[in-house]
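Here the working numbering is used: the first residue of the sequence shown is 46, the next is one more, and so on. Heads up: the structure comes next, in structure tokens.
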Amino acid sequence: QVRLVESGGGLVQPGGSLRLSCVASGSISAIYVMGWYRQAPGKQRERVATITNTGSTNYADSVKGRFTISSDNAKNTWYLQMNSLKPEDTAVYHCKLDWVGAATWGQGTQVTVSS
Numbered sequence: 046q047v048r049l050v051e052s053g054g055g056l057v058q059p060g061g062s063l064r065l066s067c068v069a070s071g072s073i074s075a076i077y078v079m080g081w082y083r084q085a086p087g088k089q090r091e092r093v094a095t096i097t098n099t100g101s102t103n104y105a106d107s108v109k110g111r112f113t114i115s116s117d118n119a120k121n122t123w124y125l126q127m128n129s130l131k132p133e134d135t136a137v138y139h140c141k142l143d144w145v146g147a148a149t150w151g152q153g154t155q156v157t158v159s160s
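In structure tokens, the structure reads:
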């Protein structure tokens with residue numbers, strides 16, 4: 046069974062940066078899509094960024110140019126580098142791993158952008 050654990054969240058001032066990590070344990074398929082999602086209070090969950098096993102990336106318009114998703118396949122670890130953070134980026138951030146016939150979510154990490 047695959048398990049995901051996120052870390053790296055916290056409180057940061059507007060304009061600051063954070064790097065989130067998502068570590069997977071268990072047997073990982075060679076073909077997958079890893080995504081970062083976020084959910085703010087009272088709002089629907091939003092897809093932030095995705096990366097495939099081939100390195101293809103995709104970003105929500107709201108984070109393009111500010112966030113970067115990356116992977117270290119040797120470590121079964123994925124990252125979300127978040128720069129120029131805004132108060133509207135405040136949310137619980139989850140990673141999700143999709144592979145053929147299955148998917149799993151992490152428990153989430155809180156990101157708060159506030160002065």
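All C-beta atoms, glycine included, are put in the ideal place defined by N, C-alpha and C. All figures in this text were calculated on a predicted structure; none of them were measured in a lab.
- In the structure shown, the three-state DSSP call for ALA105 is coil.
- By the criterion of a C-beta distance shorter than 7 angstroms, GLY53 is surrounded in its chain by LEU63, ARG64, LEU65, SER66, THR154, once the five residues flanking it on both sides are discounted.
- Pairing VAL137 with VAL57 gives a Cβ-Cβ distance that is not under 9 angstroms.
- If you draw a 10 Å sphere on the C-beta of ILE76, you find fewer than 16 other C-beta atoms in it, and that means exposed.
- For the 9 angstroms CB-CB criterion, PRO59 and PRO132 form a contact.
- Excluding the 5 residues flanking it on each side, LEU130 has same chain C-beta neighbours closer than 6 angstroms at VAL57, GLY61, VAL158, in chain order.
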